[in-house]
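Enquirer: The following block contains the structure, expressed as structure tokens.
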Amino acid sequence: MYKLGEVKKDKKIDTIFLLVIFFLFFIIALFSYLLKVNDIIYERNQYDSAIAKLPVYDESFNNFFLKSTSFNNYDVVNRNIFNFEEIIKLLNSNDIKEKYGNRYLELLEKLETNFNEKRDAIERFKSQNALLISSIHYQISLNKAITDKKLLKGNKDIQLLNKTMTDLLAYYINPSIDYEHIEKNIQYFSKLYEKNKLRELKLFIQHALVNTQRIQELFTIKKTNFQLNKSIYDLKEFLTTKFENALYNSRIVVTILFIIAFLILSIVVFLYKRSLRIKDDLISFKTAVENSYNSIVITDSHSNIIYVNDMAVKETGYSRDELIGQNPRILKSGDKSESFYRKMHEHLDAGRKWEGEFVNRRKDGSQYYEKASIMPIVERGRITNYLAIKLNITDYIMQQRKVEYMAYHDSLTGLPNRTNIEEYLEYQLPIAEENNLGIAVLFIDIDNFKTINDSLGHDVGDSVIIECSKILKNTVKESEIVARIGGDEFVIIISGENTKHTSTNLCSEILKSFAKPIEANGYKLSITLSIGVSLFPEDSNDHKKLFKHADIAMYEAKDKGKNNFQFYKKKLSSQMHDRLEIEQALKQALKEDEIYVVYQPKYDIATKQIVGLEALARWNSKELGNIRPDKFISIAEETGDILEIGHFIFKKACEDFRTFKTIYPELESISINVSTIQLYNKKFVEEILNITKETKVYTSSVMIEITETHVMKNITYSMGVLNTLKEFGFRVSIDDFGTGHSSLNYLKRFPIDELKIDKSFVDDLPLDSNDIAIAKAIISLSRNMGYKNVAEGIETIEQEEFLLSHGCDVGQGYLFCKPKEKEDLLEFLQDQLS
19 MYKLGEVKKD KKIDTIFLLV IFFLFFIIAL FSYLLKVNDI IYERNQYDSA IAKLPVYDES
79 FNNFFLKSTS FNNYDVVNRN IFNFEEIIKL LNSNDIKEKY GNRYLELLEK LETNFNEKRD
139 AIERFKSQNA LLISSIHYQI SLNKAITDKK LLKGNKDIQL LNKTMTDLLA YYINPSIDYE
199 HIEKNIQYFS KLYEKNKLRE LKLFIQHALV NTQRIQELFT IKKTNFQLNK SIYDLKEFLT
259 TKFENALYNS RIVVTILFII AFLILSIVVF LYKRSLRIKD DLISFKTAVE NSYNSIVITD
319 SHSNIIYVND MAVKETGYSR DELIGQNPRI LKSGDKSESF YRKMHEHLDA GRKWEGEFVN
379 RRKDGSQYYE KASIMPIVER GRITNYLAIK LNITDYIMQQ RKVEYMAYHD SLTGLPNRTN
439 IEEYLEYQLP IAEENNLGIA VLFIDIDNFK TINDSLGHDV GDSVIIECSK ILKNTVKESE
499 IVARIGGDEF VIIISGENTK HTSTNLCSEI LKSFAKPIEA NGYKLSITLS IGVSLFPEDS
559 NDHKKLFKHA DIAMYEAKDK GKNNFQFYKK KLSSQMHDRL EIEQALKQAL KEDEIYVVYQ
619 PKYDIATKQI VGLEALARWN SKELGNIRPD KFISIAEETG DILEIGHFIF KKACEDFRTF
679 KTIYPELESI SINVSTIQLY NKKFVEEILN ITKETKVYTS SVMIEITETH VMKNITYSMG
739 VLNTLKEFGF RVSIDDFGTG HSSLNYLKRF PIDELKIDKS FVDDLPLDSN DIAIAKAIIS
799 LSRNMGYKNV AEGIETIEQE EFLLSHGCDV GQGYLFCKPK EKEDLLEFLQ DQLS
């Protein structure tokens with residue numbers, strides 16, 4: 019087994035022995051080099067001798083062309099061609115081509131090309147010469163036949179024929195012949211042939227023409243300027259230069275080697291001393307490596323592990339013996355592609371350092387992440403080892419993934435967050451448009467969630483959010499996406515065909531899912547939702563506008579009484595604009611003294627005597643004019659401004675009640691409407707107690723009016739607050755009774771003093787049978803449970819008489835008195851006394 023920094027404990031090798039070994043090795047190397055020099059000299063002699071013959075052969079080729087053609091010796095020229103080719107074969111040997119490179123190949127190729135040209139010319143020369151000799155002999159026979167047989171009549175023609183033959187034969191004697199004279203004669207004989215049609219004359223003319231062309235071609239070959247001699251010279255010069263340079267370099271090397279020999283002893287001694295220091299350094303390095311916090315792995319050139327430190331053993335879960343000899347691929351988890359490893363190996367095989375991250379698997383199967391730096395160790399141009407230094411970054415990767423997850427998911431519910439859902443919608447809209455699909459955006463808000471948060475604490479609020487997210491997830495299909503985009507706001511994305519129908523059904527299902535109270539940290543809470551829906555492409559093709567329109571539709575659902583869903587309509591945008599104006603103006607309403615209080619008397623129906631007053635908030639905005647309470651109260655509840663407004667109303671009502679009481683001592687109580695936002699405010703009881711003390715109003719004179727629906731949203735908490743109020747002497751009235759979903763079991767446990775019959779059940783009395791039944795039931799219920807009952811909204815004598823006949827205690831409405839401001843009510847009270 020290989021151990022890093024292993025130091026042999028053999029007897030220290032004698033320095034002299036090391037030097038002798040080194041010198042022997044050096045002498046052998048020097049001798050080998052001298053043999054190499056001798057080979058160079060031998061090679062030079064061999065090639066010099068061969069190349070020196072080439073000009074001789076080339077000269078013989080030239081002489082071949084210069085001699086009279088009939089006397090040429092073809093055997094000699096053929097042998098010289100053969101010898102020339104053999105020398106080229108020698109020069110074409112692989113050893114010499116590899117040794118002298120591209121320039122040598124270029125010169126040799128040029129030599130071969132020029133030789134081939136000359137050889138081809140010689141072959142053409144021989145061929146044409148042979149044909150010429152044969153044809154001339156035949157032409158001589160024709161000339162003799164024509165002359166001997168006297169086929170031509172005139173002596174002049176015979177003389178001209180002989181002259182033509184003599185001119186052609188002059189080629190073998192004279193290097194130049196008179197082609198024009200020959201051609202002129204041939205033309206003459208051609209005309210003569212047309213007259214006598216002599217066959218022998220025709221053949222003579224034909225051979226004369228062909229031989230004239232052949233003689234011209236032979237002269238052309240002789241005059242060709244072949245570059246073979248220059249090619250031989252260039253190649254010879256190149257090789258001479260190369261050999262001389264090689265010998266010169268050899269002399270330099272030998273000189274240097276002898277100089278180096280004198281330095282060897284001092285260098286060896288120096289290296290030996292340094293090796294002793296390196297030994298100590300290696301021991302230190304070994305200690306550092308084996309105790310490093312990084313995993314260190316060394317492999318051989320075949321990527322087989324030869325060393326691992328303790329940290330590598332610890333990280334992988336394998337023992338050292340299990341790792342040694344293995345390929346690091348045993349740690350692969352399969353999370354990285356084969357192309358990843360292929361690129362890594364290509365990088366390393368090129369001798370370059372590689373850095374990257376691995377996803378590895380321990381022996382027990384668990385995954386871990388490593389930041390690795392792998393360096394190839396190169397010795398004499400060859401990779402001998404690979405050194406890998408790796409750092410476990412699993413915690414960092416997990417944290418990074420957590421950060422990335424948190425960037426796109428809600429930390430409380432784990433649902434996609436606003437960023438996530440907006441990016442998804444932005445990506446999905448073009449796809450839906452291309453495939454003619456619709457998309458619905460459902461904007462969901464938990465009604466009165468702020469009340470829960472403020473009254474029960476954020477822990478309960480968080481629990482409510484978690485439970486709501488679970489219900490929503492269980493209600494939708496897998497293909498539908500649920501996201502939390504704010505405190506109590508959720509979004510659902512639906513895609514497909516006929517999304518309006520699908521979203522309608524889903525909204526109904528969601529509202530049904532919240533019909534039962536949910537449990538949150540021990541509290542049973544009735545939760546309702548307001549849902550706004552916008553559709554793509556009907557409402558917009560922009561994801562931000564779809565969000566905005568769904569939000570506007572959600573506020574429309576709240577305005578319509580909450581616990582319902584509404585689709586976006588264009589007119590809602592203007593309504594939302596109005597709502598925003600109200601929100602903005604409401605911020606300054608108290609500061610500008612725009613909020614004021616009016617009072618409506620509550621009277622004994624039987625005696626017509628005033629028994630109490632109900633304080634009602636009114637708002638006359640300088641910018642917007644008179645705003646109805648049903649408009650601004652709900653907005654104030656959602657914005658939280660109701661706390662400040664409610665405090666103002668409560669204090670103003672108590673202050674005015676003292677004044678009213680002095681004028682009309684029979685007044686029993688002042689009824690003050692309290693929002694659930696106020697009721698669930700932890701400081702509410704303390705604040706109203708301070709107000710009653712400050713205004714010197716008995717708590718028993720203050721009737722706290724709370725709507726039935728709001729009380730039932732959080733029964734446990736509501737009951738606790740109402741009991742506390744009762745303990746301090748306050749009286750409690752349940753407003754709008756009959757419009758909610760009270761349980762008689764809870765109702766009998768509430769510390770209630772008064773039940774108010776909602777105006778909606780009084781309007782059609784005594785004509786509507788349903789209203790008659792409900793009114794009679796509420797009156798009977800309140801009497802049996804010991805509550806005083808109050809009918810609100812009495813506007814006709816018939817309504818009043820019906821209520822009186824069925825035992826209703828107290829009434830209020832326009833029939834008796836409209837709500838009045840303080841000064842007007844004071845006059846009304848004085849009139850009642852007179």
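Going by the numbering used here, the sequence shown runs without a break in its numbering and finishes at 852. Note that the Cβ used here is the ideal one computed from N, Cα and C, for glycine as well. Since we're looking at a predicted model, the values are computed, not measured.
If you follow the alpha helix (DSSP H) that Phe668 is in, where does it begin and where does it stop?
Expert: Counting along the chain, the alpha helix (DSSP H) containing Phe668 begins and ends at Ile660 to Ile681.
Enquirer: For the alpha helix (DSSP H) that Gly343 lies in, which residues bound it at each end?
Expert: That residue, Gly343, is in no alpha helix (DSSP H); it is neither H nor E in DSSP.
Enquirer: Which value, in whole angstroms, describes the spacing of the CA atoms of Val228 and Tyr211?
Expert: Approximately 17 Å between the Cα atoms of the pair.
Enquirer: Do you know offhand how far Ser88's Cα is from Tyr197's?
Expert: Note that Ser88 scores a pLDDT of 48, beneath 50, so its modelled location is shaky; the value from the coordinates is reported in the next line. When rounded, the distance between both Cα atoms is 20 Å.
Enquirer: For Ala330, which option in Leu253, Arg379 and Lys744 has the closest C-alpha, if you only look at C-alpha atoms?
Expert: Measuring from the Cα of Ala330, the nearest candidate turns out to be Arg379.
Enquirer: Using C-beta distances below 7 Å, list every residue in its chain close to Ile899, excluding the 5 sequence neighbours before and after it, in chain order.
Expert: In this structure the chain extends from 19 to 852, so residue 899 is not present and cannot be described.
Enquirer: Quick check on the DSSP output: what are the complete beta strand (DSSP E) runs of length 3 or more inside the stretch 401 to 456, in order along the chain?
Expert: List check, beta strand (DSSP E) in window: nothing returned.
Enquirer: Go to Leu773, then tell me how far its beta strand (DSSP E) extends in each direction, as first and last residue.
Expert: Note, Leu773: beta strand (DSSP E), Glu772 to Ile775.
Enquirer: For Lys766, collect the residues of the same chain with a Cβ closer than 7 Å to its Cβ; drop the 5 residues on either side in sequence, then sort them by chain order.
Expert: The answer, listed in chain order, is Met803.
Enquirer: Could you check where the beta strand (DSSP E) with Tyr311 kicks off and where it finishes?
Expert: Here Tyr311 belongs to no beta strand (DSSP E), and DSSP marks it neither H nor E.
Enquirer: Would you decide whether Glu632 is buried or exposed? Buried here means 16 or more other CB atoms lie within 10 Å of its CB.
Expert: Buried.
Enquirer: State buried or exposed for Arg370, treating a residue as buried only when at least 16 other CB atoms are found within 10 Å of its CB.
Expert: Arg370 comes out exposed.
Enquirer: Please state the DSSP three-state secondary structure of Phe583.
Expert: DSSP places Phe583 in strand when its eight states are reduced to three.
Enquirer: Along the alpha helix (DSSP H) that carries Tyr359, what are the first and last residues, could you check?
Expert: Where Tyr359 is concerned, the enclosing alpha helix (DSSP H) stretches over Glu356 to Asp367.
Enquirer: Using DSSP with H/G/I as helix, E/B as strand and the rest coil, what is Thr546?
Expert: Correct three-state label for Thr546: coil.
Enquirer: Of all the options Ile314, Leu149, Asp611 and Cys486, which has the alpha carbon lying nearest to the alpha carbon of Asp463?
Expert: Cα-wise, what sits closest to Asp463 is Cys486.
Enquirer: For the stretch 597 to 611 against the stretch 482 to 497, are there 3 or more C-beta pairs whose distance is under 8 Å?
Expert: No: the two stretches stay apart, fewer than three of their Cβ pairs being nearer than 8 Å.
Enquirer: Just list the residues that DSSP pairs Asp318 with in beta bridges.
Expert: Paired residues: Asn403.
Enquirer: Would Asn214 and Met183 qualify as a contact pair, given that the criterion is a beta-carbon distance under 8 Å?
Expert: The answer is no: Cβ separation not under 8 Å.
Enquirer: Do you know whose CA, among His363, Glu422, Ser153 and Arg419, lies nearest Ile392's CA?
Expert: Ranking His363, Glu422, Ser153 and Arg419 by Cα distance to Ile392 puts His363 first.
Enquirer: What span of residues does the alpha helix (DSSP H) with Leu219 cover, start to end?
Expert: Leu219 -> alpha helix (DSSP H) spans Arg217 to Lys241.
Enquirer: Write down the C-beta distance between Met737 and Phe779 rounded to the nearest angstrom, noting that I regard them as a contact closer than 8 Å.
Expert: 25 Å between Cβ atoms; not a contact.
Enquirer: DSSP beta-bridge partners for Ile690?
Expert: Note: Ile690 sits in a beta bridge opposite Ala633 and Ile722.
Enquirer: Measure the alpha-carbon distance for Glu61 versus Ile285 and round it to whole angstroms.
Expert: Between Glu61 and Ile285, the C-alpha separation is close to 36 Å.
Enquirer: In the DSSP assignment, the alpha helix (DSSP H) including Ser384 goes from what residue to what residue?
Expert: That residue, Ser384, is in no alpha helix (DSSP H); it is neither H nor E in DSSP.
Enquirer: Measure the C-alpha to C-alpha separation of Arg398 and Val74 and round it to an integer number of angstroms.
Expert: Their Cα atoms are separated by approximately 49 Å.
Enquirer: Could you give the DSSP three-state label for Phe846: helix, strand or coil?
Expert: Phe846 falls in the helix class under three-state DSSP.
Enquirer: Name the one or two DSSP bridge partners that Gln618 has.
Expert: Glu632, per the DSSP bridge assignment.
Enquirer: Hey, out of Leu150, Glu839, Leu253 and Asp849, whose CA is closest to Asn120's CA?
Expert: It is Leu253 whose Cα lies nearest to the Cα of Asn120.
Enquirer: Does Tyr832 pass the burial test, meaning 16 or more other C-beta atoms within 10 Å, or should it be called exposed?
Expert: Flag for Tyr832 reads exposed.
Enquirer: With DSSP as the reference, identify every bridge partner of Ser513, one or two as the case may be.
Expert: Ser513 is bridged to Ile457.
Enquirer: According to DSSP, is Ala390 part of a helix, a strand, or is it coil?
Expert: Three-state result, Ala390: strand.
Enquirer: Just checking my contact of Ile342 with Ile314 at CB under 8 Å: how many whole Å lie between their CB atoms?
Expert: No, Ile342 and Ile314 are not in contact; Cβ-Cβ is about 14 Å, not under 8 Å.
Enquirer: With DSSP collapsed to three states, give me the class of Val271.
Expert: Three-state result, Val271: helix.
Enquirer: Does the Cβ-Cβ distance between Ile457 and Gln446 come in under 8 Å?
Expert: Closer than 8 Å, so yes.
Enquirer: By how many angstroms is the C-alpha of Leu187 removed from the C-alpha of Arg232?
Expert: Rounded to the nearest angstrom, the two C-alpha atoms are 13 Å apart.
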